[in-house]
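Following: one structure in structure tokens, then a few remarks.
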Amino acid sequence: MPTLKHVVKECAGLPLTIVVVAGTMKGEDNPLIWNNALRELKERIGKVEGVEAEVIERLKFSFDHLKDEKVKYCFLHCALYPEDFGIEKDELIECWIEEGFIDDMDTRQEMKDKGHVILKKLGDNCLLENITNLFGQPRIKMHDAVRDMALSITSMNPRYIVQAGLQLKELPKRGQWSPDIEKVSLMHNSITEFPADVLPTKCQLLTTLLLQFNPIKKIPYFFFINMPCLYVLNLSYTEIESLPNSISELKNLTTLLLRGCYKLRDMPCLSMLQELKKLDLNQTEIEEVPEGMDMLIELRYLDLGVHTLKEMPAGLLPKLVHLQHLSFDVYNEKTSLKAEQMEPLKKLECFTGRFEDINEFNKFISSMQQSKENLIKYYLHVGSSFIPAERDKTVTIGGVQNWEGELIMHPIEIQELIIVKCDYLRSLVDDNCSFKNAIDLRIYDCKGIECVVPLSSFASSSAHPFQSLELLYLQLLPKLSALIMKDAGIGSATTSTLAPSTTFSHLKEIYVGSCSSMKTLLPHRLLPNLQNLEKIHVEACSQLVEILGAETSEVEEKGSNALIKFHLPKLRELILFSLQNLKSICSKSGVMVCDSLQLIRIIRCDKLKRIPPFVPLVGNGQPFAYAPPSLTIRSDTEWWESLEWDDHPNFKNVLRFNPPWRIRGMNNVWSF
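Under my numbering, the residues of the sequence shown are numbered 92 to 763, in order.
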């Protein structure tokens, strides 16, 4: 198309402008539309002088072609962040919701979904870039030139003051706060105080004030007096100890963010802020719920993740019937909830909180199901001990000493189940299949647990617990002797073939640490269930003799000279640490079928004297001179030299061994 070449020419050969204009025109094949775009670009460039102004006009072409005005405001909001700032996507969408750029919908999740659609639209138009931060987390950012274009728009209409991330030590001069300013961003600076001679006097149209990440210690009473239209106030991660009473005069305020104000102890009465929809007090030092909160009936979002809070007034939550997001500090036992407090919250979608006991927890789950409302994201905690959650739907049961394993009388979807210090627990009995969709199971420091699942759990034809489980983490369980046990409580560690093939069938990683009664980690009969297992990590299990074991009956059945194949086709890592009685990785009559195995890491396993032979996944290769092609064995050289190769003398030659390296100047410190 000849017109396309002319459009590229009008972009002056600049890669960014070509990409942005191309993003705007993507999918258009009508020559008339392309001709119109060419004409528009020429007109824009003809009206300005200077290379920088021309670049901005070319980029504004894409902005002006955004058809939805609210999408334009979403884009301009990104310019409020510092230059080259990586913005977390969910945080940005929350900001758009706070600003009213996303229309009210039935649920907050629908609004978040709409936000992701807008993000994709802006990304497709190349106005925002997808990046990854130093921790590998996805973020979005504005290219410097695109940000300059956005700031050029906000310098006219609407009017913004954007001085973010500039290491400012004081507020902009009074003359910069003109009456038509709508949004002010001073985030990520070094402002500590507000001198009287720079306080703004007329901000009648100001709707957004962003002061987060400044070491502000005190805010004068008069600062907010002339901001009658303020909707969004962000003071997160400042050093304020109290808020001025003039906050109460901001009758149009919808969002008050005080997260991370770790010195904040005093709050004014909030009863006048009846338009408030979002209040974030997470990581503050308040000891009491702010006065007047029972009047904030429009609240949608409330974060009271405060470890210093002395109590939660019993009658408060039932008045906040529009809450969609509610969060408490699960470390704080004084904010344990009763189900009756939560029952009126029919719109709740995201909830973090703790219950005193299993009974209150069950009542809460029952009320949620009766109202046919489903929590989209939750961290529900029962008891005292606490482990951080890593999944969207997590239940933790900690320090409940009278709990014997009967979990929830009303099944709910659980992605992550964490059990800590429940000494009466012997195994997990799950008649209701609440664990059916669990992805993670973590059990810590339970003195009585003998197995993960007893054979009796499979009595029902519909019982298939842990069929979605991907991670199994077991630590400090002194009586644990098997994953699946025939007779839990009697001590038999025999694994039965009656266990459904779906149980553990999605398991990818297993960690077992400090489980002193276990002698065999994975019996051969259980391996058909573990065909997706990728990583095994075992440490400090003092009685463990073998990792993969064949039962006596299997050996007798196959004959003493027959090879027993331990088939784990997706296993990548085997990590063995401080296993003082470990003698074999698999039974002496066994061979491993693990073509994907990349690493065997062995540390302080002095009685382990042989590496098991391997046979390939495909073919009839002999198990005497074959190893998985990508396998590396890492341990100290002394252990490697002590290994015995009598049965397969050529086997050592095909194995790749890499000793660790010692940190210079330090004794007995190794890196593996």
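Here a beta-carbon is modelled for each residue, glycine too, at the ideal position from N, C-alpha and C.
All values derive from a computational prediction rather than experimental measurement.
> Using the beta-carbon count (16 or more within 10 Å), is residue 203 buried or exposed?
Replying inline: Residue 203 sits at position 112 when you count from the first residue of the sequence shown. Classification of residue 203: buried, given that the 10 Å Cβ count is 16 or more.
> So is residue 65 buried or exposed if we call it buried at 16+ other beta carbons inside 10 Å?
Replying inline: No statement about residue 65 is possible, as the shown extent of the chain runs from 92 to 763 and does not include it.
> Applying the criterion that 16 or more other CB atoms from any shown protein chain within 10 Å of the CB defines a buried residue, is residue 749 buried or exposed?
Replying inline: Your numbering for residue 749 matches position 658 in the sequence shown. With fewer than 16 other Cβ atoms within 10 Å, it is exposed.
> Just the Cα atoms here: how many angstroms apart are residue 279 and residue 388?
Replying inline: On the sequence shown, position 188 is the one that residue 279 refers to. On the sequence shown, position 297 is the one that residue 388 refers to. Across the structure, residue 279 and residue 388 are spaced so that their CA atoms are roughly 32 Å apart.
>> Quick check on the burial criterion: 16 or more other C-beta atoms within 10 angstroms. Buried or exposed for residue 160?
In response: As a first step, residue 160 is located in the sequence shown; it is residue number 69 there, counting from the start. It is exposed - the Cβ of residue 160 has fewer than 16 other Cβ atoms within 10 Å.
> Taking all protein chains shown into account, do 16 or more other C-beta atoms lie within 10 angstroms of the C-beta of residue 742, making it buried, or fewer, making it exposed?
Replying inline: What you label residue 742 is simply residue 651 of the sequence shown in a count that begins at 1. With 16 or more other Cβ atoms within 10 Å, it is buried.
>> Buried or exposed for residue 190, going by 16 or more other Cβ atoms inside 10 Å?
In response: Counting from 1 along the sequence shown, the entry for residue 190 is found at position 99. It counts as buried.
> Using DSSP with H/G/I as helix, E/B as strand and the rest coil, what is residue 540?
Replying inline: As a position in the sequence shown, residue 540 is number 449, starting the count at 1. Residue 540: coil per DSSP, three-state reduction.
>> Quick check on the DSSP output: what are the complete beta strand (DSSP E) runs of length 3 or more inside the segment 388-469, in order along the chain?
In response: 392-395, 416-419 and 441-446
> Apart from the five residues just before and just after residue 378, which ones in its own chain have a Cβ nearer than 8 Å to its Cβ?
Replying inline: Counting from 1 along the sequence shown, the entry for residue 378 is found at position 287. So the qualifying residues of the chain are 356, 399, 400 and 401.
> Which whole runs of the beta strand (DSSP E) in the segment 247-276 are 3 residues long or more, in chain order?
Replying inline: 250-253 and 272-276
> Less than 7 Å separating the beta-carbons of residue 344 and residue 364?
Replying inline: Residue 344 sits at position 253 when you count from the first residue of the sequence shown. Residue 364 sits at position 273 when you count from the first residue of the sequence shown. Yes, the pair counts as a contact, with Cβ atoms nearer than the cut-off.
>> Considering only the alpha carbon of each residue, which of 297, 540 and 305 lies closest to residue 282?
In response: Counting from one through the sequence shown, the residue named residue 282 turns up at place 191. Cα-wise, what sits closest to residue 282 is 305.
> Got a sec? Which residues, its chain only, sit under 8 Å from residue 723 by beta carbon, not counting five neighbours each side?
Replying inline: Residue mapping note: residue 723 aligns to position 632 of the sequence shown, counting from 1. Beyond the five residues adjoining it in sequence on each side, residue 723 comes within less than 8 Å, by CB distance, of 689, 690, 691, 747, 748 and 749 in the same chain, given in chain order.
> Where do the N-terminal and C-terminal ends of the alpha helix (DSSP H) with residue 166 fall, by residue?
Replying inline: Within the sequence shown, residue 166 is the residue found at index 75, counting from 1. Here the alpha helix (DSSP H) through residue 166 covers 160-169.
> Which residues does DSSP pair with residue 345 in a beta bridge?
Replying inline: Looking up residue 345 in the sequence shown gives position 254. Answer is none; residue 345 lacks a bridge partner.
>> Along the chain, where does the alpha helix (DSSP H) containing residue 203 start, and where does it finish?
In response: To locate residue 203, count along the sequence shown from 1; it is residue 112. First-last of the alpha helix (DSSP H) with residue 203: 199-215.
> Within 10 angstroms of its Cβ, does residue 611 collect 16 or more other Cβ (buried), or is it exposed?
Replying inline: Against the sequence shown, residue 611 aligns to sequence position 520. Classification for residue 611: buried.
> Relative to the alpha-carbon of residue 640, which residue among 615, 396, 220 and 659 has its alpha-carbon at the smallest distance?
Replying inline: As a first step, residue 640 must be located in the sequence shown, where it is residue number 549. Out of 615, 396, 220 and 659, 615 has the C-alpha closest to the C-alpha of residue 640.
> In the DSSP assignment, what residue or residues form a beta bridge with residue 628?
Replying inline: As a working mapping, residue 628 is identified with position 537 in the sequence shown. Residue 628 pairs with 602 and 666.
>> Please identify the residue among 303, 372, 659 and 295 whose C-alpha is closest to the C-alpha of residue 321.
In response: To locate residue 321, count along the sequence shown from 1; it is residue 230. Checking every option, the nearest Cα to that of residue 321 belongs to 295.
> Since residue 357 sits in a beta bridge, which residues does DSSP pair it with?
Replying inline: Translated into positions along the sequence shown, residue 357 becomes position 266. In the DSSP output, where bridge partners are listed per residue, residue 357 has 333.
> If you draw a straight line from the alpha carbon of residue 218 to that of residue 394, how long is it in whole angstroms?
Replying inline: The residue you call residue 218 lines up with position 127 of the sequence shown. The residue you call residue 394 lines up with position 303 of the sequence shown. About 32 Å.
> Is DSSP giving residue 718 helix, strand or coil here?
Replying inline: The residue given as residue 718 occupies position 627 in the sequence shown. Residue state, collapsed to three classes: coil.
>> Quick check on the DSSP output: the beta strand (DSSP E) that includes residue 683 runs from which residue to which?
In response: Here residue 683 corresponds to residue number 592 of the sequence shown, with the count starting at 1. First-last of the beta strand (DSSP E) with residue 683: 681-684.
>> Determine whether the beta carbon atoms of residue 421 and residue 472 lie at a separation below 7 Å.
In response: Within the sequence shown, residue 421 is the residue found at index 330, counting from 1. Within the sequence shown, residue 472 is the residue found at index 381, counting from 1. With respect to the 7 Å criterion, residue 421 and residue 472 are classified as neighbours on the basis of their beta carbons.
> If you draw a straight line from the alpha carbon of residue 566 to that of residue 194, how long is it in whole angstroms?
Replying inline: Stepping through the sequence shown from its first residue, residue 566 is reached at position 475. Stepping through the sequence shown from its first residue, residue 194 is reached at position 103. If I take the Cα positions, the gap works out to 48 Å.
> Thinking C-alpha only, which one of 660, 655, 666 and 266 is nearest residue 677?
Replying inline: Translated into positions along the sequence shown, residue 677 becomes position 586. Looking at the Cα atoms, 655 is the closest of the given residues.
>> Let me make sure I understand the geometry here. Which of 734, 228 and 311 has the alpha-carbon closest to that of residue 262?
In response: The residue labelled residue 262 in the question sits at position 171 within the sequence shown. Of 734, 228 and 311, the residue nearest in Cα terms is 311.
>> So, with DSSP's three-state summary, where would you put residue 588?
In response: Here residue 588 is taken as the residue at index 497 of the sequence shown, counted from 1. Confidence in residue 588 is poor, its pLDDT being 45 and thus under 50, which makes the residue's placement unreliable; the coordinate value appears in the next sentence. Correct three-state label for residue 588: coil.
>> Bridge partners for residue 230 per DSSP, in chain order?
In response: For the purposes of this step, residue 230 is taken as residue 139 along the sequence shown, with counting starting at 1. DSSP output for residue 230 lists 222 as bridge partner(s).
> If you check the beta carbons only, do residue 272 and residue 307 fall under 7 Å apart?
Replying inline: For the purposes of this step, residue 272 is taken as the residue at position 181 of the sequence shown. For the purposes of this step, residue 307 is taken as the residue at position 216 of the sequence shown. Not in contact: residue 272 and residue 307 (Cβ atoms no closer than 7 Å).
>> Within 10 Å of its beta-carbon, does residue 291 have 16 or more other beta-carbons around it, so buried, or fewer, so exposed?
In response: Taking the sequence shown and counting its residues from 1, the one referred to as residue 291 is at position 200. So residue 291 ends up on the buried side.
>> As a quick exercise: from 265, 703, 732 and 235, pick the residue whose alpha carbon is nearest that of residue 286.
In response: Working through the sequence shown from its first residue, we reach residue 286 at position 195. Nearest neighbour of residue 286 by Cα position, chosen from 265, 703, 732 and 235, turns out to be 265.
> The alpha helix (DSSP H) spanning residue 240 covers which residue range?
Replying inline: Walking along the sequence shown from the start, residue 240 turns up at place 149. Looking at the DSSP string, the run of the alpha helix (DSSP H) that includes residue 240 is 235-245.
>> With a threshold of 7 Å on Cβ separation, who are the neighbours of residue 221 within its own chain once the five nearest residues in sequence on each side are excluded?
In response: Position 130 of the sequence shown, counted from the first residue, corresponds to residue 221. Around residue 221: 214, 229 and 231.
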